[in-house]
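Following: one structure in structure tokens, then a few remarks.
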Amino acid sequence: MKNLICIIAGEPNSINSELIGKIWKKKKLFKKSKIFIVGNYKIIKKQFEKIKINIKIKKISNIEKEDFKDLSILDIPLNFNDPFNVATKNKRDYLIKSFNVAIHLAKNKKIRGFINCPINKLDTFGNKTIGVTEFLAKKEKVLGKEVMLIYNNKLSVSPITTHIQVKKISKSLSKKLIIDKFLKIDKFYKKIFNMKPNIGLLGLNPHNYELRGNSEEKKIIIPAIRRVKKLKIKVNGPLSGDTAFTNFKNKKFNILVGMYHDQVLSPFKTMFKFDAINITLGLKYTRVSPDHGIAKEIIGKNKANYLSLLNCISFLKRF
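Heads up: the sequence shown at position 275 corresponds to 1427 in our numbering, and the numbers run straight through without jumps.
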């Protein structure tokens, strides 16, 4: 359906219901789009009551004949006693099933795309070093070819490696990996924003290890840059990580690409806080998510910032 947007309620022990409730109260901002939730009707109802969010919600079992005037919940089974303290063993199957339902709807063109509210990665995926980005890529058989893009219209960032241990970063880097991710980023910007992005590529080591012969910069990153430039992609680098974010405006970069997760996400979140969204490139459907976690420290306190979720809806509504 052209204007139908799905939101996965995500982690039950979280601020997600609060975010959903606050967003629904702003529904006039996206009145041309229809929104529904994939989650457990009973737990969302109980959480709304506990944090005093007064919204009319409706339990549904399919999306074919709904008008979505009320906040519709496509109900997924979940056993719980305390609505903000659901046992890990109960919520794991619930979350995986929620994703599977949304993926099925997206791949069958029943929805415009889906937004997943934050989850507890360890509880959901076990002890594996994996996030939603890798989980979805693995299901689509494109693991390692996906791209994590944290988007803001002033500056976006993307890590070449994602949720892996720091000690494994160097061995995971390759010329091919960098080139493939650049191709996907460039293609995405041309398709969605009708522009060729100006990209800054960070090195791996402090001061790029002075570009010494045995450095990753010299052996992998610089050869990748040369190849990317031959493909008519606008790239500058390798940039030193300690100054890249202070100079991005002068260099007119649209995106800074780093070698690992925290290299680019830490300074980015310091700058933009909740004003960003997480987009997964390389899938057969559109998936976005708020760029923050489950915020256990403020559950039930009515202090959650809904800006990132609102930005997710605005992105899907527009593009």
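From the three backbone atoms N, C-alpha and C, an ideal C-beta is built for every residue, glycine too.
Who are the Cβ neighbours of residue 1211 in its own chain at under 7 Å, not counting the five residues just before and after it?
Indexing the sequence shown from 1 puts residue 1211 at position 59. Contacts found: 1193, 1225 and 1227.
Going straight from the alpha carbon of residue 1318 to that of residue 1335, what length do you get?
The count along the sequence shown starts at 1 and reaches residue 1318 at position 166. The count along the sequence shown starts at 1 and reaches residue 1335 at position 183. Cα to Cα, the separation comes out at about 25 Å.
Which listed residue (1342, 1343 and 1393) has its alpha carbon closest to that of residue 1357:
Residue numbering aside, residue 1357 sits at position 205 when the sequence shown is read from its first letter. With distances taken between Cα atoms, residue 1357 lies closest to 1393.
Would you please verify whether the beta carbon of residue 1217 is less than 8 Å from any beta carbon of chain B?
Among the chains of the structure shown, chain B does not appear; only one protein chain is present.
If residue 1456 and residue 1171 are in contact, beta carbons under 8 Å, what's the gap, nearest whole angstrom?
Within the sequence shown, residue 1456 is the residue found at index 304, counting from 1. Within the sequence shown, residue 1171 is the residue found at index 19, counting from 1. 5 Å between Cβ atoms; contact.
Let me confirm a value: residue 1389 is counted as buried when at least 16 other C-beta atoms fall within 10 Å, else exposed. Which label applies?
Counting from one through the sequence shown, the residue named residue 1389 turns up at place 237. Counting Cβ neighbours within 10 Å, residue 1389 comes out buried, since at least 16 surround it.
Under the assumption that residue 1263 contacts residue 1156 (Cβ atoms under 8 Å), give the Cβ distance between them as a whole number of angstroms.
Stepping through the sequence shown from its first residue, residue 1263 is reached at position 111. Stepping through the sequence shown from its first residue, residue 1156 is reached at position 4. Confirmed, about 5 Å.
How far does the alpha helix (DSSP H) with residue 1259 in it extend, from its first residue to its last?
Here residue 1259 is taken as the residue at index 107 of the sequence shown, counted from 1. Here the alpha helix (DSSP H) through residue 1259 covers 1240-1259.
Residue 1390: first and last residue of the uninterrupted beta strand (DSSP E) it sits in:
Mapped onto the sequence shown, residue 1390 falls at position 238. Here the beta strand (DSSP E) through residue 1390 covers 1386-1391.
Ranges of the alpha helix (DSSP H) found wholly within the stretch 1306-1330, counting only runs of at least 4
1321-1324
Assign residue 1164 to one of two classes, buried (16 or more other C-beta atoms within 10 Å of its C-beta) or exposed (fewer than that).
Within the sequence shown, the letter at position 12 stands for residue 1164. Residue 1164 comes out buried.
When you compare the stretch 1300-1314 with the stretch 1418-1434, are there three or more beta-carbon pairs, one atom per stretch, that lie closer than 8 Å?
yes
If residue 1311 sits next to residue 1416, beta carbons under 8 Å apart, how far is it from one beta carbon to the other, in whole angstroms?
The residue you call residue 1311 lines up with position 159 of the sequence shown. The residue you call residue 1416 lines up with position 264 of the sequence shown. About 6 Å separates the two Cβ atoms, so the contact holds.
Please report how far the alpha carbon of residue 1466 lies from the alpha carbon of residue 1460, in whole angstroms.
Indexing the sequence shown from 1 puts residue 1466 at position 314. Indexing the sequence shown from 1 puts residue 1460 at position 308. So the two alpha carbons sit approximately 10 Å from each other.
Leaving aside the five residues before and after residue 1200 along the sequence, list all residues of the same chain whose C-beta is less than 8 Å from its C-beta, in chain order.
Taking the sequence shown and counting its residues from 1, the one referred to as residue 1200 is at position 48. Taken in chain order, the residues that qualify are 1169, 1173, 1206, 1207 and 1209.
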